[in-house]
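J.: Sharing a structure here in structure tokens format.
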Amino acid sequence: MGSESTHTPGAEREPEVTPRLTARIVVGDDGESECTIHPADATSEELLTTWITAVGDSFVELAAMR
């Protein structure tokens with residue numbers, strides 16, 4: 001007869017921490033919105049390179065997607 005394994009893949013790893021993010025939405029004079037997301041605890045130096053921006057209708061409110 002065969003043997004059964006009780007090994008759970010990844011069980012030996014520590015759980016990953018989900019990063020906290022901050023989203024800032026700015027509406028320009030032309031009415032177009034920009035949403036910039038960056039780590040909430042980023043230093044001023046990190047903010048120079050650790051961010052992403054979506055423009056116009058490339059982003060929606062979370063409630064609209066649920």
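By full-length UniProt numbering, the letter at position 2 of the sequence shown is numbered 2, and the numbering carries on one by one without gaps.
Cβ atoms here follow ideal geometry from the backbone N, Cα and C, with glycine treated the same way.
Keep in mind it's a predicted model, so treat the numbers as computed, not measured.
#1: Considering Cα atoms alone, identify which of G28, T18 and P19 is closest to V55.
#2: Per DSSP, what kind of secondary structure is S58 in: helix, strand or coil?
#3: Please return the same chain residues whose Cβ sits closer than 6 Å to the Cβ of D57, not counting the five positions on each side in sequence.
#4: Out of curiosity, what's the CA-to-CA distance linking D30 and T18?
#5: Which of the three DSSP states, helix, strand or coil, is assigned to E34?
T.: Put simply:
#1: G28
#2: helix
#3: none
#4: 35 Å
#5: strand
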